[in-house]
Amino acid sequence: MKGVDHLGSPIQNKNTQVDFLKHRLNMFIDVLDAIDPEDADLEDIDRLIAMLDDMESKCREFNNREVSESV
Numbered sequence: 011m012k013g014v015d016h017l018g019s020p021i022q023n024k025n026t027q028v029d030f031l032k033h034r035l036n037m038f039i040d041v042l043d044a045i046d047p048e049d050a051d052l053e054d055i056d057r058l059i060a061m062l063d064d065m066e067s068k069c070r071e072f073n074n075r076e077v078s079e080s081v
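In this text, residue positions in the sequence shown follow our numbering: the first is 11, and each later residue adds one.
Laid out in structure tokens, this is it:
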């Protein structure tokens, strides 16, 4: 998915951007729910951090597109 629509072009539509981020957040929640706190290891925590970093990066990317389009 990586922030592009089904044709491979960047997501420009704000509603589509929000849907993309909602999907990513739901995936994060699913992974978080699947982790047993008693058995969680550093790799599990690193995976969660990577997912959060990816979502943060995507938010910045969407925001930068919005700023560059308005200039």
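Cβ coordinates follow ideal geometry from the N, Cα and C atoms, glycine included. All values derive from a computational prediction rather than experimental measurement.
If you follow the alpha helix (DSSP H) that residue i is part of, which residue opens it and which one closes it?
i	result
residue 25	24-44
Taking buried to mean at least 16 other C-beta atoms within 10 Å of its own C-beta, is residue i buried or exposed?
i	result
residue 22	exposed
Whole angstroms is fine: what's the gap from residue i's alpha carbon to residue j's?
i	j	result
residue 32	residue 48	28 Å
residue 34	residue 65	7 Å
residue 50	residue 62	17 Å
residue 20	residue 37	21 Å
residue 71	residue 27	10 Å
residue 78	residue 60	27 Å
residue 54	residue 24	31 Å
Can you list, in chain order, the residues of its chain whose CB lies under 8 Å from that of residue i, leaving out five sequence neighbours each side?
i	result
residue 68	13, 30, 31 and 34
residue 57	41
For residue i, which residues of its own chain have a beta-carbon under 7 Å away from its beta-carbon, when the five flanking residues on both sides are left out?
i	result
residue 76	none
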